[in-house]
Amino acid sequence: MDKDIATPVRTRAILEKYGFSFKKSLGQNFLIDTNILKKIVGFAELTDRSGAIEIGPGIGALTEQLARSSKKVTAFEIDQRLLPILADTLATYDNVKVIHNDVLKADVKRVIEEEFPDIEDIMVVANLPYYVTTPIIMKLLEDHLPIRGIVCMLQKEVADRISAKPGTKDYGSLSIAIQYYTEAETVMIVPKTVFVPQPNVDSAVIRLTKREKPAVNVKDEHFFFQVTKASFAQRRKTLLNNLTSQLPDGKQKKEEIIKALQESEIEPSRRGETLSLAEFALLSDKLYPYFH
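Counting from 1, one number per residue, gives the positions in the sequence shown under the numbering used here.
Set out below in structure tokens:
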């Protein structure tokens, strides 16, 4: 009995039935491999007491697998044309709610309170649209939502940057921002052949497990991220050069920046990618009084 949505035949039939055409601007790529979807759901470690939040359900391929593995699924879909399709494909599941909204504009905390009042274990599981992957993940983390973590599919190169370690070419301010809030691991590589339409790049599934408290203690979170961003502004430049050119009034405060680097026992000639989270935390705390 071929009931799964995520097969090439069933996906084609659904798209033809509704005359659906893909919008490039929305980064729509639908998965047509049930095994991969089941693995993604497996990485989320859901139970019948879990709530799942999905972003961009498409025609419901992943939603269906989540509905079978969790107590309730709430999905955010931005494309109005998909709402009647989802109402049809997911008609047999009474534990799915589709919200027509852009997750970047939504009050996700309020949605969680309303949709999952009696659920303590909440995971975000999504095949994210590639053009807004980073803003979506950062919003979910910066909003300090009561979630256990995020399992999502994204471009492989972005996954590499998210889970990168210090001293590697992929390590940057994105690695630091996400690893500050979570433990990040790439759990699976997904070939482009299992999507329609096929994207130009391979994908990866990452699992982000939220830390009970951030990886490092800092005086000011916003300033910490400002310092890490500045440190990677131009990868070939030294820390000293990047910080003086990127921090507000950095050129006038060059002496103070040198002093903060010395107090942190960090060579001004080092590059951003060589610093660990702990070193960035120390450096931003030493710089903080000079910029506030």
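Every residue, glycine too, gets a C-beta built ideally from N, C-alpha and C.
What are the start and end residues of the beta strand (DSSP E) that includes residue i?
i	result
Glu-183	182-190
Gln-246	No beta strand (DSSP E) holds Gln-246; the alpha helix (DSSP H) holding it covers 239-246.
Ser-50	50-55
Thr-7	No beta strand (DSSP E) holds Thr-7; DSSP gives it neither H nor E.
Phe-76	72-77
Could you tell me if residue i is buried or exposed, where buried requires 16 or more neighbouring beta carbons within 10 angstroms of its beta carbon?
i	result
Ala-281	buried
Gln-262	exposed
Gly-149	buried
Gly-250	buried
Val-151	buried
Lys-23	exposed
Alpha carbons only, please: which of the options is nearest the one belonging to residue i?
i	options	result
Ser-50	Gly-56, Thr-34, Thr-74	Thr-74
Pro-129	Ala-91, Pro-57, Ile-119	Pro-57
Arg-207	His-292, Tyr-181, Pro-199, Gly-167	Tyr-181
Tyr-171	Gly-272, Phe-116, Met-188, Ile-189	Gly-272
Glu-55	Glu-16, Phe-30, Leu-275	For the sequence presented, residue 55 should be read as Ile rather than Glu. Of the candidates Glu-16, Phe-30, Leu-275, the one whose C-alpha sits nearest the C-alpha of Ile-55 is Phe-30.
Ala-233	Ala-278, Lys-71, Gln-246	Gln-246
Gly-60	Lys-71, Val-98, Asn-35	Val-98
My output table needs one value for residue i: the three-state DSSP class, helix, strand or coil.
i	result
Lys-253	coil
Gly-42	helix
Glu-265	coil
Gly-149	strand
Leu-31	strand
Lys-229	helix
Thr-63	helix
Ala-91	coil
Arg-236	coil
Ser-69	helix
From which residue to which residue does the alpha helix (DSSP H) around residue i run?
i	result
Leu-82	Careful: Leu-82 lies outside any alpha helix (DSSP H) and carries neither H nor E.
Ser-284	277-291
| field | Whole runs of the beta strand (DSSP E) within the stretch 187-224, excluding any shorter than 3 residues | value | Those beta strand (DSSP E) runs which fall completely within the stretch 187-224 and span 3+ residues are 203-210.
| field | Completely contained alpha helix (DSSP H) runs for the stretch 95-182, where each covers 4 or more residues | value | 108-115, 133-142, 156-162, 173-181
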